[in-house]
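*Asks:* Mapping of the sequence shown onto our numbering: residues 23 to 160, in sequence order.
This structure is in structure tokens; I'll ask about it shortly.
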Amino acid sequence: MSAIYGVGVLDIGMKAGANAKTTTSQYKCCVISADNTAQVVATATAGLAVGVIQSYQSSSSEAVTVRMLGVAKVTCESSVTAGRPIVSGELGTVAELAISSTVVTVGTLKTIIGYARESGDTNTVISAIVIPSMYPAG
23 MSAIYGVGVL DIGMKAGANA KTTTSQYKCC VISADNTAQV VATATAGLAV GVIQSYQSSS
83 SEAVTVRMLG VAKVTCESSV TAGRPIVSGE LGTVAELAIS STVVTVGTLK TIIGYARESG
143 DTNTVISAIV IPSMYPAG
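Here's what the structure looks like:
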């Protein structure tokens, strides 16, 4: 992947929640669990992902950098095709949204985290456009 220059991003510093204080939380989708606290999404239906953790964490980390808009690195749960919408999957990884996919439902709305910029396989890190959004279910 080549470097991207001049692309706008929105990074927010947040407190590191308990499951975000690990070396495996980098490039994982997160939710806001408390006042300004980021937690890695625990399951595909655990909450609405608001962004992707970009900073490398350790057990002593107190803060995380969350990419809430723009180009970010994400970790694939399974095969993802470039250009397809992606949703937060198990343990903060991303999965490709297929017509038959079950995604987080809030009332009559569903959510996606963004779009894959490149293809990837299980546990690979790819580039994605992060644009958390909701659309009508059904």
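For every residue, glycine included, the Cβ atom is placed at its ideal position computed from N, Cα and C.
Computed from a predicted structure; not experimentally measured.
Along the chain, where does the beta strand (DSSP E) that runs through residue 56 open and close?
*Replies:* Against the sequence shown, residue 56 aligns to sequence position 34. Residue 56 -> beta strand (DSSP E) spans 51–56.
*Asks:* Could you check what DSSP says for residue 23 in three-state terms: helix, strand or coil?
*Replies:* In the sequence shown, the residue the question calls residue 23 occupies position 1. Residue confidence for residue 23 is low, a pLDDT of 48 falling below 50, so the modelled location carries little weight; the figure read from the coordinates is stated next. Reduced to three states, the DSSP call for residue 23 is coil.
*Asks:* Are the beta-carbon atoms belonging to residue 147 and residue 135 less than 9 Å from one another?
*Replies:* Taking the first residue of the sequence shown as position 1, residue 147 is located at position 125. Taking the first residue of the sequence shown as position 1, residue 135 is located at position 113. No, Cβ-Cβ distance for residue 147 and residue 135 is not below 9 Å.
*Asks:* Taking residue 39 as the reference, give the member of 31, 32, 58, 33 with the closest Cα.
*Replies:* Within the sequence shown, residue 39 is the residue found at index 17, counting from 1. Of 31, 32, 58, 33, the residue nearest in Cα terms is 58.
*Asks:* Rounded C-beta distance between residue 47 and residue 76? I'm assuming under 8 Å.
*Replies:* Indexing the sequence shown from 1 puts residue 47 at position 25. Indexing the sequence shown from 1 puts residue 76 at position 54. The Cβ separation is near 10 Å, so there is no contact.
*Asks:* Among 98, 37, 65, whose alpha-carbon lies nearest the alpha-carbon of residue 56?
*Replies:* Counted from its first residue, the sequence shown places residue 56 at position 34. Measuring from the Cα of residue 56, the nearest candidate turns out to be 37.
*Asks:* Taking the alpha-carbon positions, what's the residue 23 to residue 84 distance?
*Replies:* On the sequence shown, position 1 is the one that residue 23 refers to. On the sequence shown, position 62 is the one that residue 84 refers to. Residue placement at residue 23 is flagged as unreliable, the pLDDT there being 48, under the threshold of 50; a coordinate-derived value is accordingly withheld.
*Asks:* DSSP puts residue 37 in a beta bridge; with which residues?
*Replies:* For the purposes of this step, residue 37 is identified with residue 15 of the sequence shown, where counting begins at 1. Looking at the DSSP assignment, residue 37 forms a beta bridge with 59, 85.
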